[in-house]
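Have a look at the structure below before the remarks.
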Amino acid sequence: MNLLNYKAKGYLGKKIAFLSIPLLLSISSCSEDFLVAEPELDISDVVIFETPERAEAAISGLYLGAKHGRLFGGRYLIYNDIKGEEFLNRTTNVVTGYSTYQFTNDASDTYIADFWNHGYLTINKANIAIAGLEANTSGLDGALVSQFVGEAKFIRALCYFGLVQIFAKPFVLDNGQSRGLPLRLQPETGSDNNELAPSSVGEVYNQILADLDAAIGSLPADYNDDEKNVTRAHVNAAIALKVRVLLAKGDYAGVITEGNRLVPTSAPFIAPSGISHRLQPDITSVFSAPYLTAESIFSFPMAATNNPGGQNQLGLYYNIGNGNLEYTVNTSSPGIFTNPQWGENDDRRTEFIGVEPRGTYFTKFAGVSPFVDYVPIIRYAEVLLNVAEAEAEVGDVNRAKALLEAVHHRSDAAYEFGTLSRDELIEAILVERRIELMAEGFRANDAARRGLPHESVGAGSAIPPTDNRYVFPIPILERQTNPAIGD
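The UniProt record's numbering numbers the first residue of the sequence shown as 1 and each following residue consecutively.
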């Protein structure tokens, strides 16, 4: 990863900005300001961790990096959904993912390169924060240092997980033996360490899990602040992300063990410790301002002065109004719209589906310009479905069905699943994920973690895991500056 080249392209500035930590001129005690304020000043790394205010400014830079529209603020979710069968491209606009939709990306694709670059720049911010906090803590309370390091490791884990899902073959394909990613765990201030061979997929997963375990041990259980409880990493957020990672590995027993920390054995399903996460009675409230429900385990906030921008906004892609309606809902098979499990009276259909002359559109992200919908990264509904799937695979099918019904009946109380075999129950849970988590960035990854092809309507065919198109190619700049990366 050639940081000098990124500097030349304007990614990195001088002093600590060369390390890409955006700092705030001042930090307000208001938690909303923490993540939506514009970065205004770069401070030397010699003094950055000398006071709580400056250290918090550095941590805010991690969240600002991760929520960039070309990373988790938009593109990560979009790419993973338009690879599948749920949406139809309307505009043939290469800027808004048309090559991803068609599976025609190559190593020179600048949009894919942007995703890679922003991921690694945010990872480097985390590495700098971890090293700086551990080396310069004389002015900081030990508990605060532990929290900040935990937040940095959570963000680093999130970034590596997003990158390994998109740029590497799924873990289940060969038990993690495939080429993974370069594991950059030290602060980089120049080009000396550009050449770094990729670790295996399994090694990347091990690092992700190690970071999450460390985060779980040092993050706050509850900030006692509604905004912070949704927009900053906490114990339950790290556990929930760990559950997702274990599910991607096919470690169903691990999913159940970790999931039990968030999900009781029977209803009512309310997180037993830390923040009392639970499903909201009305799903639309989760996607409406102020976006601070108990179901929202971790989200990236947006504001008029700090939004995804640059044709990265979720509402721009899927909605009308002043959105472009880049992608319409696929109302034909194999799209989930035609599945009888998604009934006509289901709130997720009556509230999130609209029809106009250009096609059927999706309104889960209903904000209009400047598109300040919070971006959901982890919801309690997903956690329930994760545990349900694991239980259906290797555990208690009765608990699995109860969790499935809790999610489905929230939106469609009249639907009855009837008696299901274990295989039928697994299939019903997978269908439910496609309905409940639609447009939240799960479709491609859910197929990959089960070793299934991408049922691509854009490519006009199924793309199996053995196809080189199944994952994004390593960007050409990385290949040029890091010969050890390989193909």
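Backbone N, C-alpha and C define an ideal beta-carbon position, used for all residues, glycine too.
Is residue j closer than 8 Å to residue i when the C-beta atoms are compared?
i, j, result
"V201", "F171", "yes"
"Y318", "N89", "no"
"P198", "G180", "yes"
"A447", "F362", "no"
"L241", "Q147", "no"
"I429", "D347", "no"
"V329", "E86", "yes"
"D412", "G354", "no"
"N127", "L185", "yes"
"V95", "Q311", "yes"
"V150", "A215", "According to the sequence as given, residue 150 is Gly; it is not Val. A contact, by the Cβ cut-off of 8 Å."
"F337", "N80", "no"
"R449", "A248", "yes"
"L62", "A143", "no"
"P483", "E56", "no"
"T265", "G139", "no"
"V431", "N339", "yes"
Among the options, whose alpha-carbon lies nearest the alpha-carbon of residue i?
i, options, result
"P281", "T466, R410, Y63, A484", "R410"
"D487", "G395, A107, P357, G190", "A107"
"G73", "P301, A459, D446", "P301"
"D211", "R75, I130, A447", "I130"
"Y98", "T110, E86, I82", "I82"
"I377", "R479, E295, I123, V263", "E295"
"Q313", "L62, S60, F49, L77", "L77"
At the 8 Å Cβ level, is residue i part of the contact set with chain B, yes or no?
i, result
"L64", "The chain labelled as chain B is not found in the depicted structure, where only one protein chain is given."
Rounded C-beta distance between residue i and residue j? I'm assuming under 8 Å.
i, j, result
"G315", "A392", "Actually they are not in contact, since the Cβ atoms of G315 and A392 sit about 34 Å apart, beyond 8 Å."
"K169", "P465", "6 Å"
"R379", "I297", "6 Å"
"R433", "L385", "5 Å"
"A236", "A289", "One detail in the question is off: residue 236 reads as Asn in this sequence, not Ala. Incorrect: roughly 23 Å between the Cβ atoms, too far for contact."
Can you find the residues in the same chain that come closer than 7 Å, C-beta to C-beta, to residue i, ignoring five residues on each side of it along the sequence?
i, result
"I256", "V387, A390, E391, G395"
"F472", "N105, I112, I166, F167"
"N119", "Reading off the sequence, residue 119 comes out as Gly, not Asn. Taken in chain order, the residues that qualify are L71, C159, G162, L163."
"L425", "A392, V397, A400, K401"
"V145", "L133, T137"
"P308", "G69, G73, G74, M302, F371"
"L437", "E382"
"S299", "V230, T231, Y291, Y374, V375, P376, I377"
"R479", "A107, I485"
"E405", "F417"
"G10", "Because G10 carries a pLDDT of 32, less than 50, the predicted location of this residue cannot be relied on, and no value is offered for it."
"R469", "F103, I463"
Quick one: what's got a C-beta closer than 6 Å to residue i's C-beta in the same chain, skipping five residues either side?
i, result
"Y223", "N229"
"A66", "F72, T122, I155"
"P334", "E85, E455"
"G359", "T328"
"N445", "N80, Q165"
"E351", "T284"
Among the residues of its own chain, which have a CB less than 8 Å from the CB of residue i, if the five just before and after it don't count?
i, result
"G451", "P170, V172, L173, P465"
**Asked** Which runs of the alpha helix (DSSP H), 4 residues or longer, sit entirely within the region 345-433?
**Response** 347-350, 380-394, 397-411
**Message:** List, from N- to C-terminal side, the alpha helix (DSSP H) runs of 4 residues or more that fit wholly inside the region 139-174.
**Reply:** Every unbroken stretch of the alpha helix (DSSP H) spanning 4 or more residues and falling wholly within the region 139-174 is given here in chain order: 142-167, 171-174.
**Request:** Could you pull out every unbroken alpha helix (DSSP H) segment of at least 4 residues lying fully inside the region 275-342, listed in chain order?
**Result:** 314-318
**Item:** Runs of beta strand (DSSP E) wholly within the region 85-114 (minimum 3 residues, chain order)
**Value:** Inside the region 85-114, DSSP marks whole beta strand (DSSP E) runs of 3 or more residues at positions 87-89, from first to last along the chain.
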